[in-house]
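Numbering (the UniProt record's numbering), first residue to last: 1 to 355.
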């Protein structure tokens with residue numbers, strides 16, 4: 001433990017601007033292990049471990065914090081939204097704890113809490129955060145204070161949920177498991193396409209994949225027109241620029257195995273910084289490591305009892321994982337805007353022309 005702290009100090013001395021996730025990667029540990037090592041001796045922060053068995057109550061207490069910044073990321077994309085934790089509900093489904101915060105335009109979350117393993121309160125000179133991790137020590141969600149946060153409530157959270165006795169701490173080494181992909185028969189594929197066309201709710205799509213034992217990317221590869229179009233070339237910055245130019249409200253989904261965070265609204269300030277494409281708006285920041293996005297599809301799915309078709313743009317990394325999904329924002333029961341549909345049509349024609 002002491003050696004890890006010393007290595008941390010040495011690394012920061014040479015590269016003081018490194019993100020904690022990058023520090024952990026260079027030191028060969030998980031981000032959660034790096035925080036746990038600082039419980040007795042903080043390097044850049046004062047770290048307190050909270051009681052993960054009270055996870056539901058900790059989350060509900062966030063409602064009293066006032067304005068905060070919620071952060072959810074995967075290896076390629078970071079989604080940051082400022083707002084309030086409102087309409088936050090936690091439920092237990094056959095022993096699987098999950099949470100949801102339905103706040104379109106604000107902090108909008110889908111939380112798979114049964115995958116959350118540990119939680120820390122991290123205090124630095126500039127802000128305080130609550131950081132949640134999975135069994136592999138990977139961050140699934142973080143909550144940062146702002147100048148408008150209620151710091152008295154933060155003190156209450158620390159006092160109420162701090163672990164007062166030692167509890168064992170360990171993480172499982174992360175192993176990238178390659179998906180087992182089997183090719184469906186012609187009859188099975190026809191059946192899958194038929195059931196896709198008969199979808200009545202876009203939220204039933206994961207169940208459709210499960211029923212047919214198909215990986216998500218494989219399904220998009222197989223189903224073909226008129227439901228899925230692979231873009232042989234795509235310009236991420238241009239997609240966001242078009243949304244900005246036409247003042248198109250979009251929905252930006254960024255997720256990992258433990259959480260999905262959704263931004264809904266217009267984007268304004270777009271900027272490329274090195275390998276990262278960024279949206280830098282007052283209440284919403286998005287950071288995309290563009291080179292990690294190796295494949296993209298325009299995808300159509302029926303919803304609203306099959307009466308409406310919604311179109312999304314889905315981006316995948318080299319490990320066949322979904323890292324970013326964009327939708328045109330719409331009111332339930334209504335079609336997506338003509339501008340969004342036209343944007344997606346242009347992408348299809350441009351992508352096919354590059355084939």
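Idealized CB from N, CA, C, for every residue including glycine.
Neighbour-count burial assignment, residue i, 16 or more Cβ in a 10 Å radius
i, result
"residue 357", "Residue 357 cannot be examined here, being either before or after the span of the chain that is shown, 1 to 355."
"residue 328", "buried"
"residue 263", "buried"
"residue 142", "buried"
"residue 89", "exposed"
"residue 181", "exposed"
"residue 131", "buried"
"residue 249", "buried"
"residue 201", "exposed"
"residue 273", "exposed"
"residue 36", "buried"
"residue 343", "buried"
"residue 302", "buried"
"residue 117", "buried"
"residue 162", "exposed"
"residue 125", "exposed"
"residue 155", "exposed"
"residue 192", "buried"
Segment limits, beta strand (DSSP E) that includes residue i
i, result
"residue 139", "139–149"
"residue 272", "270–273"
"residue 311", "308–316"
"residue 102", "First-last for residue 102: undefined, no H or E at that position."
"residue 303", "295–303"
"residue 66", "66–73"
"residue 324", "322–328"
Cβ-Cβ separation, residue j to residue i (assumed contact under 8 Å), whole Å
i, j, result
"residue 325", "residue 314", "5 Å"
"residue 210", "residue 297", "With 8 Å as the limit, residue 210 and residue 297 do not qualify as a contact, their Cβ atoms being about 19 Å apart."
"residue 150", "residue 64", "6 Å"
"residue 323", "residue 312", "Contact flag wrong, Cβ pair sits at about 14 Å."
"residue 59", "residue 106", "About 16 Å; that fails the 8 Å criterion."
"residue 87", "residue 148", "Contact doesn't hold; Cβ gap of about 19 Å is too wide."
"residue 256", "residue 140", "6 Å"
"residue 47", "residue 12", "So it is not a contact: roughly 15 Å between Cβ atoms."
For residue i, the first and last residue of its enclosing alpha helix (DSSP H)
i, result
"residue 51", "Where residue 51 is concerned, there is no enclosing alpha helix (DSSP H), given that its DSSP letter is neither H nor E."
"residue 193", "186–197"
Three-state secondary structure assigned by DSSP to residue i
i, result
"residue 204", "helix"
"residue 172", "coil"
"residue 45", "coil"
"residue 129", "strand"
"residue 28", "coil"
"residue 114", "helix"
"residue 180", "coil"
"residue 86", "coil"
"residue 11", "helix"
"residue 289", "strand"
"residue 157", "helix"
"residue 91", "strand"
"residue 81", "strand"
"residue 34", "helix"
"residue 96", "strand"
"residue 267", "coil"
Near the ligand PLP: residue i beta-carbon under 8 Å from a heavy atom
i, result
"residue 247", "The ligand PLP is absent from the structure shown, which contains no ligands of any kind."
message = Which complete alpha helix (DSSP H) runs does the segment 206–264 hold, if anything under 4 residues is left out?
response = 216–223 and 236–245
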